[in-house]
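For the sequence shown, the numbering used here begins at 2 and goes up steadily by one. Idealized CB from N, CA, C, for every residue including glycine. Let me begin by presenting the structure, written as structure tokens, before commenting on it.
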Amino acid sequence: MNQTLMWRRILDEASFEQATVRQDADGTEIAGTALLAEAGAPLRIDYRLTCDAAWITRRVEATQSFQGRARTLALDHDGQGQWRRGGTPAPELEGCLDVDLGISPATNALPINRLRLAVGETQKIRAAWVLFPELQVKAAGQSYERLDDKCYSYRGLDSDFQAEVTVDAAGFPTDYGTIWRRIATGPATRVQQATAEALLSSAASPVLGEAAHAFDWVIGGWRAEVTDFAEGRAVASDIGEWWFSWALDGRAIQDVWIAPARGRRRDIRIADRYSTTLRFYDAEAGLWRIIWINPVNGAVNRLAGTRQGDRILLEGEEYGRPARWSFNDIRPDSFTWRGEIQQPDGRWRLDAEFRLRRVMG
């Protein structure tokens with residue numbers, strides 16, 4: 002099954018979920034977005050989960066945007082009932098083999114396909130139940146009874162909740178009681194979106210540990226006041242944009258740096274930058290290394306450094322001379338990014354300065 006599915010929440014006619022399902026011999030990946038009205042406020046959840054060939058959940062990533070705040074969740078499962086949340090053991094989930102995203106009818110397909118019940122058979126399970134917008138995770142007792150070829154009775158064993166779930170031939174819900182209804186089915190998403198889903202991650206990999214905190218604050222979108230300098234004097238200024246996301250299974254951070262910003266690029270008065278940076282942690286050296294590529298002019302910079310208080314200093318070379326770029330005055334919603342070139346006399350000369358304000362994240 003390689004399809005995109007869409008559901009409408011008929012309970013209140015106020016919410017939707019769209020998910021793309023991809024399968025191969027190694028297992029199943031479900032990547033989806035839920036747009037919900039939560040107490041009159043917009044709630045967006047982007048998630049990706051993977052299951053092995055036996056439909057046992059192995060990894061879950063989710064990013065929630067609610068009330069002007071972005072929060073992330075990462076769960077890893079060893080396939081035997083032991084879970085980790087953000088790299089930390091989660092013994093309260095011991096014995097769970099499935100994840101149940103509380104806003105998603107799609108995740109009912111996981112136990113349905115894993116259990117493969119015969120008609121008339123019932124089985125009890127424990128699932129890692131994720132509650133939104135609280136972003137809490139609890140072990141929940143559940144039961145599934147197969148009523149006929151395409152219909153199951155679902156019960157929450159820790160509550161009075163019960164619903165009949167009708168599924169398609171692949172075990173994905175078409176109707177979930179009086180709550181969700183499938184309204185569209187189509188081919189899997191186009192290659193550009195599939196590539197983005199493979200590249201980007203919603204959270205840092207647990208293998209980074211505490212090192213992730215050096216840069217986790219920067220994830221999101223930023224508006225930049227850009228100033229370029231020559232011989233220590235400001236020569237041009239404009240507005241830019243900067244977007245950061247975890248990438249490569251959460252082991253790196255990828256950004257896109259655009260100056261002038263899109264929509265302002267007809268009159269380019271500053272150095273033209275439509276570029277990307279990959280940041281990754283070198284555990285052996287204890288440094289974050291970055292590679293910046295600007296295909297507009299062919300520039301490639303390699304820098305490395307660490308965070309010290311409210312500053313991150315990255316050092317390397319630019320134009321064949323020692324260079325340093327730094328994050329300064331780091332605050333939750335602002336920072337200043339400065340680029341400096343070392344002169345023959347050893348002094349550092351300011352080459353560019355960007356004042357950033359958060360617009361998303």
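Check: Ala185 to Trp8, Cα distance in whole Å?
Finding: Each residue's CA atom was taken as its position, placing Ala185 and Trp8 some 7 angstroms apart.
Margin query: Which residue wins for smallest C-alpha separation from Leu76, given the options Arg59, Phe230, Tyr153 and Ser246?
Written below: Of Arg59, Phe230, Tyr153 and Ser246, the residue nearest in Cα terms is Arg59.
Notebook entry, point to check: Apart from the five residues on each side of it in sequence, which residues of its chain come closer than 8 angstroms, Cβ to Cβ, to Ala189?
Noted result: Taken in chain order, the residues that qualify are Asn3, Gln4, Thr5, Thr21, Val22, Arg23 and Ala195.
Check: Are there 16 or more other CB atoms within 10 angstroms of the CB of Asn298, so buried, or fewer, so exposed?
Finding: Label assigned to Asn298: exposed.
Margin query: Mapping the DSSP letters down to three states, classify Glu232 as helix, strand or coil.
Written below: Note: Glu232 maps to coil in three-state DSSP.
Check: Who pairs with Ala38 in a beta bridge, going by DSSP?
Finding: Ala38 is bridged to Pro43.
Item checked: Residue interval of the alpha helix (DSSP H) (run including Asn109) -> From DSSP, Asn109 is part of no alpha helix (DSSP H); its letter is neither H nor E.
Next item on the list: Please classify Leu249: does DSSP put it in a helix, a strand, or coil?
Entry: In this structure, DSSP gives Leu249 a state outside helix and strand, which the three-state scheme calls coil.
Next item on the list: Report the residue ranges of all beta strand (DSSP E) runs contained in full by the stretch 4-73; include only those spanning at least 3 residues, in chain order.
Entry: For the stretch 4-73, whole beta strand (DSSP E) runs of length 3 or above, ordered along the chain, are 4-10, 17-25, 28-39, 42-53 and 58-67.
Next item on the list: Using DSSP bridges, identify the partner residues of Lys139.
Entry: For Lys139, the pairing in a beta bridge is given by DSSP as Trp130.
Next item on the list: Would you kindly report the start and end of the unbroken beta strand (DSSP E) that includes Thr167?
Entry: Gln163 to Val168 is the span of the beta strand (DSSP E), which, as asked, contains Thr167.
Next item on the list: Could you pull the start and end residues of the beta strand (DSSP E) that Val100 belongs to?
Entry: Here the beta strand (DSSP E) through Val100 covers Asp99 to Leu102.
Checklist line | Residues that Tyr282 bridges to, as DSSP identifies them | finding: DSSP, once it has assigned bridges, lists Trp289 as partnering Tyr282.
Next item on the list: Please confirm if the stretch 216-230 is in contact with the stretch 38-45, defined as three or more CB-CB distances below 8 angstroms between the two stretches.
Entry: Here the stretch 216-230 does not lie against the stretch 38-45, with fewer than 3 beta-carbon pairs under 8 angstroms apart.
Check: What distance in whole Å lies between the Cβ atoms of Phe281 and Ala253, which are believed to be in contact at a cut-off of 8 angstroms?
Finding: About 4 angstroms; that satisfies the 8 angstroms criterion.
Next item on the list: Establish whether the CB of Thr5 and some CB of chain D are separated by less than 8 angstroms.
Entry: Included in the structure is just one protein chain, with no chain D present.
Checklist line | Burial state of Ser160 (16 or more Cβ within 10 Å) | finding: Per the 10 Å Cβ criterion, exposed.
Next item on the list: Please state if the CB of Leu249 and the CB of Leu304 are separated by a distance shorter than 8 angstroms.
Entry: One thing to note: Leu304 has its Cβ no nearer than 8 angstroms to the Cβ of Leu249.
Note to self: Relative to the C-alpha of Ala129, which candidate in Gly233, Leu158, Asp101 and Leu351 has its C-alpha closest?
What the structure shows: Ranking the options by Cα distance to Ala129, first place goes to Asp101.
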